[in-house]
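Line by line, the protein sequences are chains A and B. Residue 324 is where the first sequence ends in UniProt numbering, and the numbering goes up by one at each step. Residue 874 is where the second sequence ends in UniProt numbering, and the numbering goes up by one at each step. A short write-up of the structure that comes next.
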Amino acid sequence: MRVLVTGASGMLGRTTAEALLARGDDVTVLQRRPSRLPCAEVLGDVADPDAVARAARRQDAVVHLAAKVDVTGPRAEYERANVAGTRAVVDACRGQGVGRLVHVSSPSVAHAGAALAGVGAEPADPAHARGHYSRTKAVAELDALAADSASLAVLAVRPHLVWGPGDTQLVGRIVARARAGRLPTIGSGAALVDTTYVDNAAAALVAAVDACGPVHGEALVVSNGEPRPVGEVIDRLCRAAGAPGPRRRVPFRAAWLAGAVVEGAWAVTGRRSTPPVTRFLAEQLATAHWFDQRRTREALGWAPRVRLEEGFARLAAWYAASAA
Amino acid sequence: MTATRTDTGTAPGTGTGAGTAARIPALPPFPGLDPAWSRTVTVADSTGARHEWHVLDNGVADPVGTLLCVHGNPTWSYLWRLLVAAAPPGWRVVAPDHLGMGWSQRLDAPRTLEQRVADLGDLTAALGVTGPVVTVGHDWGGVISLGWALAHRADLRGVVLCNTAVAMPEGDWGPVLIRAADAPGVRTAVTVGTPVFVRATTALSRPPLPRAVRDAFAAPYATAARRRAVGDFVADIPFSPGHPSRPVQEAIAEGVRTLDVPALLLWGPRDPVFGERYLADLRERLPHAALHRYEGASHLLPEDAPQYADAVAQWVTELPGSGTVEPAPPAASDDDPPPLWASLTERAGDESPAVVEVGGETVSWAQLHRRVEHLAAGLAASGVRPGQRVGLLVEPSADLTAAVYAVWRAGAVIVVADKGLGLRGMRRALRSAAVDHVVCSTAGLAAARLMGLPASRIATGSVPALPRRALGAVRTLAEVEDAGRGAPAPVVPPGDADCAVLFTSGATGPAKGVVYTRRQAAAQLALVRGTYRLTPEDRLVAAFAPFALLGPALGIGTAVPDIDITAPGSLTARDLAEAVSAVGATVVFASPAALRRVVATAADLTAAQRTALGGVRLLMSAGAPVPAALLEALRDVLPSAEAHTPYGMTEALPVTDVSAAEVAAAGEGEGVCVGRPLAGVDVRISPLRADGGADGDLTGAPGVTGEVCVRAAHVRDRYDALWATDRAASRPPGWHRTGDVGHLDAEGRLWIEGRLPHVVTTAAGPVTPVGIEQRAERVPGVAAAAAVGVGPAGGQVVVVVVVPEGAGGRSRRLRVAGPDLADAVRAAAGVEVAAVLTAARLPVDIRHQSKVDRRQVAARAARFLAGRPGGRRS
Chain A
1 MRVLVTGASG MLGRTTAEAL LARGDDVTVL QRRPSRLPCA EVLGDVADPD
51 AVARAARRQD AVVHLAAKVD VTGPRAEYER ANVAGTRAVV DACRGQGVGR
101 LVHVSSPSVA HAGAALAGVG AEPADPAHAR GHYSRTKAVA ELDALAADSA
151 SLAVLAVRPH LVWGPGDTQL VGRIVARARA GRLPTIGSGA ALVDTTYVDN
201 AAAALVAAVD ACGPVHGEAL VVSNGEPRPV GEVIDRLCRA AGAPGPRRRV
251 PFRAAWLAGA VVEGAWAVTG RRSTPPVTRF LAEQLATAHW FDQRRTREAL
301 GWAPRVRLEE GFARLAAWYA ASAA
Chain B
1 MTATRTDTGT APGTGTGAGT AARIPALPPF PGLDPAWSRT VTVADSTGAR
51 HEWHVLDNGV ADPVGTLLCV HGNPTWSYLW RLLVAAAPPG WRVVAPDHLG
101 MGWSQRLDAP RTLEQRVADL GDLTAALGVT GPVVTVGHDW GGVISLGWAL
151 AHRADLRGVV LCNTAVAMPE GDWGPVLIRA ADAPGVRTAV TVGTPVFVRA
201 TTALSRPPLP RAVRDAFAAP YATAARRRAV GDFVADIPFS PGHPSRPVQE
251 AIAEGVRTLD VPALLLWGPR DPVFGERYLA DLRERLPHAA LHRYEGASHL
301 LPEDAPQYAD AVAQWVTELP GSGTVEPAPP AASDDDPPPL WASLTERAGD
351 ESPAVVEVGG ETVSWAQLHR RVEHLAAGLA ASGVRPGQRV GLLVEPSADL
401 TAAVYAVWRA GAVIVVADKG LGLRGMRRAL RSAAVDHVVC STAGLAAARL
451 MGLPASRIAT GSVPALPRRA LGAVRTLAEV EDAGRGAPAP VVPPGDADCA
501 VLFTSGATGP AKGVVYTRRQ AAAQLALVRG TYRLTPEDRL VAAFAPFALL
551 GPALGIGTAV PDIDITAPGS LTARDLAEAV SAVGATVVFA SPAALRRVVA
601 TAADLTAAQR TALGGVRLLM SAGAPVPAAL LEALRDVLPS AEAHTPYGMT
651 EALPVTDVSA AEVAAAGEGE GVCVGRPLAG VDVRISPLRA DGGADGDLTG
701 APGVTGEVCV RAAHVRDRYD ALWATDRAAS RPPGWHRTGD VGHLDAEGRL
751 WIEGRLPHVV TTAAGPVTPV GIEQRAERVP GVAAAAAVGV GPAGGQVVVV
801 VVVPEGAGGR SRRLRVAGPD LADAVRAAAG VEVAAVLTAA RLPVDIRHQS
851 KVDRRQVAAR AARFLAGRPG GRRS
């Protein structure tokens, strides 16, 4: 099968492209910088319709991961990468006659801040999603699913908190903070959270490429299906990296207020660096979000192969090897 | 008679021959009401006047039957929306709004009860309603529905009544609230001039109704003109003998006695309008009626107990001739069971002790026999009739024992609700059992007065005269006994007459009354006697109070230690030894909590006491098995005793039995091994479904986990005043669903894995708690554990809450367990565990102080793990 993967420079995009290659698919990747993957490559911006159309030519399926994932920066950047980028991909699929689109989304598109315990994939809600990233991803998912038709099958897949060796987003930031002694537990640390080991997320996307068609027009949350208290997850990640776990506790309300202040300060001063805390982050770390995986597993014919324990062990081995 | 049908939305205006211009407005949307049910019908009455009716009608053609649902005042057919939705296949449901009420046409003049009954008949004729019909009535709709029923006997298949009255019970002044509303000058102001009456009715609901539902009830009564019939309805209640509607109401009330169709009473006991007296009056007029009391529900029963709709649907489909399988009648037995007091008669000349109160009275078999005979005759002479119910509010004592056997001898029914239920629970229990008489100690009298029980009171001898009168006791037990000397002995009741109502612990919801017949009680006694090879040479010490009552029936002398039954842990080794010495006991019945204290105080025993304890051959533990370590320690105190644990419940006891040796031989497994079913007891499993329910065919196959079902001659006859609960627990007919979950092993032993509502429904299938808890409790440093589910049904995750050894304090506050403890518990659990939490203690039930309230643990864990501002407490 000929498959285009957008955003193959990130951990999940790269792992997905590798998984497709490993099973013999004809893979093309699209991103701004060279990926050094052993496959066809189109360099360009995902919001550039010409570049995307070129990449999508003669493809059977597109896995669309390219997105701006962050907590700061002006809204326009998120709009361009996430909303305009997804529209360009949808248009390219239609224009080039691509039959399947796997749109990679996020559970945060349906998260308005309340605890989510064992829920399915609720509809994306741009009006109530928190932060620029979640709001623009919510719009993008609605756009993508609206394009679902007889000629183009669309599936939205929402991997939740993807982590693994080489991850600079979640694991990298937590470990850096822990090493600097600036990693508190927010709230009681009891909130149950689901996470997804990267190989499982990639396998789910590969399964989605195959399932897309018979299954279409819906959103599916993907996770390891092993929720744990958030304090325990962070502790395990830190232990795998040989970093000290959180020692201080910050009450949720204090963290949330600090987030509000920090966001204001960053907005006023136009700082681009990652702030120490945001309201979104405080909520994410202090409220439960774990998901009912039954529909996902049935629809994709997929189940996570790497259990949480195994994931932590692999992460520890990777950190040990990097340190050596 | 003519009728035209139109859609409600078009607001018909034709055929208003009565000259009233009111038109039926288009109905706005109301929660739960399908607009397709709503229609209007124009019907001429006997005078030729034509009226527009608003009717809910599910429109089933050629129905197998019709439910004719009649609302009261001031509601409308909206009251019946759940029943319309729950109608069984093939059943038509017709629910009209009375003329002048709801969305039916407004009237120029009040209508009498007689007219309203006739109106309903005109309407059903116009709608083509023919048999079979089941009437359903609420509030004043009850009387109208019964009026219809009496006028249509040929079509009538059954009657259902909810919180209604057909007559003012003797000495009653009518429902106080309605009388207040009927007072001169008040009625019009309250019922018509303002929406107070309309709004107050829905405000009675418990739990409170959603605002949208209250608004829906009030919607047709928005203006004084639209409320006119609300006031007229109140005015038509015949409080006084001269009232024009009185003869019709009395004719209906008397006619009800002649109804021979099945009847179902559904009742909200918290009704401030129609209280217990009205229920008692209805039961007296319809003695064959099935009853379900929805504890906690108030006047608006169809709102407060929405499950009523399914109960009605089930009841009508089970009516005779409905084509469904009818429950097999209990195997009729010609041989009458031996009386429960047979041993008293046999040992009438025996001067050896039958009942010993340690530190108090000793009663010989001969004395007990005489006392019971006299008391029984006295009770009968003073108005205790066969089949009547006698509540016992007496601490374990010789008086209590004598009272129990005397009540039985008089053919009456004992009602036992113990202090473990708390005063509120006891009040609810004794009211639901509708006790006719109570026998009370001083404390019991005070409780009976506080509970306001409408029953005649008999005081035990220990109550001094002054407080006795102050507390409203009419007679003393001694007076009754005196009266019985020379009075004729009561007739022996038939074998299938009720003999006892016992209450469950109420650990999950209100305590349920469990009814036993004489035959079932006799079967229980025979089973206990046979299982434990009890002979007249045995003597019993019952440190678990209810069991002490059975001593005389088992034909063995019994000693009751001088301890508080609600504090089993207060029994010391010396207390036990004293009780054992008093009767030369061979059998001891005690809870593990009591035995723990006995072991702890064993050092205080004298040599003579140790010798007495050496004569005990059998130790039966109540409630829970004796842990191995405790058993080992008990060998020092009770060296010759074989330890046995019967398994059973209030509804069936015992079901199985297991000895300590058998527990050891069974080893570890999934759950607690409770042994093999006893002789004559069938145990089967109803396999668990993925959603944690169990309702399929029963199996005896080993290794299948599901609800434990029991069939035996000594299983309860029924639940009292809980028709729907009884039906649900008796599937298939003849079996009792225990609510326990477990499996049978290849050796035929039963293993209990938890309670049905505590099953965790994970995406991978149902998971039972006890096995996980046992394995967690074997982790070093863990004193106790509770395994619960968190998350939505079918997608739950397992959470284990552990009490670390040496955890101090009584705090139930939860914390996330440290990584080492979490790892150890996860490794031991045998299932995927999302979180391991700790607490200093776990919530337990009141009666046994040992059963963990997993529902409460689950609710707390769910809140904690949702992470809502947990930071506030850190």
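Ideal Cβ placement from N, Cα and C applies to all residues, glycine included.
Task: Proximal residues to B/Ala366 (C-beta, below 8 Å), its chain only, five neighbours per side dropped - done: Here residue 366 of chain B corresponds to residue number 366 of the second sequence, with the count starting at 1. Excluding residues within five positions, the ones whose Cβ falls inside 8 Å are Arg347, Ala348, Gly349, Asp350, Glu351.
Open item on the list: What ranges does the alpha helix (DSSP H) occupy inside the stretch 775–854 of chain B, keeping only unbroken runs of at least 4 residues that lie completely in it?
Closed with: 819–829
- [ ] Identify the contact partners of B/Gln796 in chain A, using a Cβ-Cβ distance below 8 Å as the criterion.
- [x] Taking the second sequence and counting its residues from 1, the one referred to as residue 796 of chain B is at position 796. Here the neighbours are Gly118.
Open item on the list: Just to confirm, is the Cβ distance from B/Ser138 to B/Leu301 under 8 Å?
Closed with: In the second sequence, the residue the question calls residue 138 of chain B occupies position 138. In the second sequence, the residue the question calls residue 301 of chain B occupies position 301. Here the sequence assigns His to residue 138 of chain B, which means Ser is not the residue at that position. Taking 8 Å as the Cβ cut-off, B/His138 and B/Leu301 qualify as a contacting pair.
TODO: Mind listing, in chain order, the continuous alpha helix (DSSP H) runs of no fewer than 4 residues lying wholly within the stretch 350–417 of chain B?
DONE: Within the stretch 350–417 of chain B, the complete alpha helix (DSSP H) runs of at least 4 residues are 365–381, 398–409.
Open item on the list: Between B/Ala866 and chain A, is any beta-carbon pair separated by less than 8 Å?
Closed with: Counting from one through the second sequence, the residue named residue 866 of chain B turns up at place 866. Judged by the 8 Å Cβ criterion, B/Ala866 is in contact with chain A.
Task: B/Glu670 - DSSP class collapsed to helix/strand/coil - done: Along the second sequence, read from residue 1 onward, the residue named residue 670 of chain B stands at position 670. Coil.
Task: B/Gln307: first and last residue of the uninterrupted beta strand (DSSP E) it sits in - done: One-based indexing of the second sequence puts residue 307 of chain B at position 307. Here B/Gln307 belongs to no beta strand (DSSP E), and DSSP marks it neither H nor E.
TODO: With distances taken Cα to Cα, identify the nearest neighbour of residue 877 of chain B among B/Gly791, B/Ala785, B/Arg689, B/Gly32.
DONE: Here chain B covers residues 1 to 874 and nothing more, so residue 877 of chain B does not appear.
- [ ] Could you please give me the residues that DSSP links to B/Gly754 through a beta bridge?
- [x] Numbered from 1 along the second sequence, position 754 holds the residue referred to as residue 754 of chain B. According to DSSP, B/Gly754 bridges with B/Val741.
TODO: Taking B/Tyr647 as part of the beta strand (DSSP E), name the residues at either end of that continuous run.
DONE: The count along the second sequence starts at 1 and reaches residue 647 of chain B at position 647. Its beta strand (DSSP E) spans residues 642–649.
TODO: Over the uninterrupted alpha helix (DSSP H) stretch that includes A/His132, give me the two end residues.
DONE: On the first sequence, position 132 is the one that residue 132 of chain A refers to. Element bounds for A/His132: 131–146.
Task: Simplified DSSP state of B/Glu747, which is helix, strand or coil - done: Translated into the one-based positions of the second sequence, residue 747 of chain B becomes position 747. DSSP places B/Glu747 in coil when its eight states are reduced to three.
- [ ] At 8 Å on the CB atoms, spell out the chain A contacts of B/Val816, in chain order.
- [x] Position 816 of the second sequence, counted from the start, is the residue given in the question as residue 816 of chain B. Residues of chain A passing the Cβ test: Ser188, Gly189, Ala190, Pro229, Gly231, Glu232.
- [ ] Can you give me, in chain order, the residues of the stretch 288–314 of chain A that have a beta carbon less than 7 Å from any beta carbon in chain B?
- [x] Ala288, Asp292, Gln293, Arg294
TODO: Check the C-beta distance from B/Leu146 over to B/Ile252 and give it rounded, since I have them as a contact under 8 Å.
DONE: Taking the second sequence and counting its residues from 1, the one referred to as residue 146 of chain B is at position 146. Taking the second sequence and counting its residues from 1, the one referred to as residue 252 of chain B is at position 252. So it is a contact: roughly 5 Å between Cβ atoms.
Task: Beta-carbon proximity of B/Val439 to B/Leu392, cut-off 8 Å - done: Numbered from its first residue, the second sequence carries residue 439 of chain B at position 439. Numbered from its first residue, the second sequence carries residue 392 of chain B at position 392. Their beta carbons are under 8 Å apart, which means B/Val439 touches B/Leu392 by this criterion.
- [ ] Give the secondary structure of A/Thr86 by DSSP, where H, G and I count as helix, E and B as strand, and everything else as coil.
- [x] Locating residue 86 of chain A in the first sequence gives position 86, counting from the first residue. Reduced to three states, the DSSP call for A/Thr86 is helix.
Task: Neighbour flag for A/Glu18 against chain B, beta carbons, 8 Å - done: Within the first sequence, numbered from 1, the residue matching residue 18 of chain A stands at position 18. Closer than 8 Å: no.
Task: From B/Arg597, B/Val480, B/Leu576, B/Arg596, residue whose alpha carbon lies closest to that of B/Val587 - done: Here the question's residue 587 of chain B lines up with position 587 in the second sequence. Cα-wise, what sits closest to B/Val587 is B/Leu576.
- [ ] Could you please give the first and the last residue of the uninterrupted beta strand (DSSP E) stretch that includes A/Trp290?
- [x] As a working note, residue 290 of chain A is residue 290 in the first sequence. Here the beta strand (DSSP E) through A/Trp290 covers 289–291.
Task: Residue-chain proximity (A/Ala40, chain B), Cβ-Cβ < 8 Å - done: Locating residue 40 of chain A in the first sequence gives position 40, where the first residue counts as 1. Taking Cβ atoms only, chain B never reaches closer than 8 Å to A/Ala40, which makes this a no.
Task: Cβ contact (3+ pairs, closer than 8 Å) linking the stretch 748–761 of chain B and the stretch 805–821 of chain B - done: By the criterion of at least three beta-carbon pairs nearer than 8 Å, the stretch 748–761 of chain B is not in contact with the stretch 805–821 of chain B.
- [ ] Over the uninterrupted beta strand (DSSP E) stretch that includes A/Val63, give me the two end residues.
- [x] Here residue 63 of chain A refers to the residue found at position 63 of the first sequence. A/Val63 -> beta strand (DSSP E) spans 61–64.
Task: Contact under 8 Å by Cβ, A/Glu141 with A/His103 - done: Your numbering for residue 141 of chain A matches position 141 in the first sequence. Your numbering for residue 103 of chain A matches position 103 in the first sequence. It is a contact, given that the beta carbons lie within the stated cut-off.
- [ ] Could you give the DSSP three-state label for A/Gln31: helix, strand or coil?
- [x] Locating residue 31 of chain A in the first sequence gives position 31, counting from the first residue. Strand at A/Gln31.
Task: Within chain B, the residues that A/Glu226 reaches when beta carbons sit closer than 9 Å - done: Looking up residue 226 of chain A in the first sequence gives position 226. Within 9 Å Cβ-Cβ: Val797, Glu832, Ala834.
- [ ] Return the chain-ordered ranges of every beta strand (DSSP E) run that is complete within the stretch 670–708 of chain B and spans a minimum of 3 residues.
- [x] 672–677, 682–687
Task: Strand pairing of A/His103, partner residues [DSSP] - done: Locating residue 103 of chain A in the first sequence gives position 103, counting from the first residue. Answer is A/His64, A/Ala156, bridged to A/His103.
Open item on the list: Short of 7 Å in beta carbon distance, which residues of its chain neighbour A/Ala202, apart from the five on each side in sequence? Order them along the chain.
Closed with: Position 202 of the first sequence, counted from the start, is the residue given in the question as residue 202 of chain A. Taken in chain order, the residues that qualify are Leu12, Thr15, Thr16, Ala19.
Open item on the list: As an exercise, report each continuous alpha helix (DSSP H) stretch of at least 4 residues that is fully enclosed by the stretch 34–114 of chain B, in chain order.
Closed with: 81–85
TODO: May I ask which residues mark the beginning and end of the beta strand (DSSP E) holding B/Phe274?
DONE: Within the second sequence, numbered from 1, the residue matching residue 274 of chain B stands at position 274. B/Phe274 -> no beta strand (DSSP E), and no H or E assigned at all.
- [ ] Give me the Cα-Cα distance between B/Ala44 and A/Ala219, rounded to the nearest whole angstrom.
- [x] For the purposes of this step, residue 44 of chain B is taken as residue 44 along the second sequence, with counting starting at 1. For the purposes of this step, residue 219 of chain A is taken as residue 219 along the first sequence, with counting starting at 1. Straight-line measurement puts the Cα of A/Ala219 at about 59 Å from the Cα of B/Ala44.
Task: Option in B/Arg617, B/Leu613, B/Glu642 with minimal Cα separation from B/Val626 - done: For the purposes of this step, residue 626 of chain B is taken as residue 626 along the second sequence, with counting starting at 1. The shortest Cα separation from B/Val626 among B/Arg617, B/Leu613, B/Glu642 belongs to B/Glu642.
- [ ] Taking A/Glu232 as part of the alpha helix (DSSP H), name the residues at either end of that continuous run.
- [x] Sequence index remark: in the first sequence, residue 232 of chain A carries index 232 (1-based). A/Glu232: member of the alpha helix (DSSP H) spanning 230–240, first to last residue.
Task: At least 3 beta-carbon pairs within less than 8 Å: the stretch 90–103 of chain A vs the stretch 168–181 of chain A - done: In short, these stretches do not touch, since the Cβ pair count stays below three.
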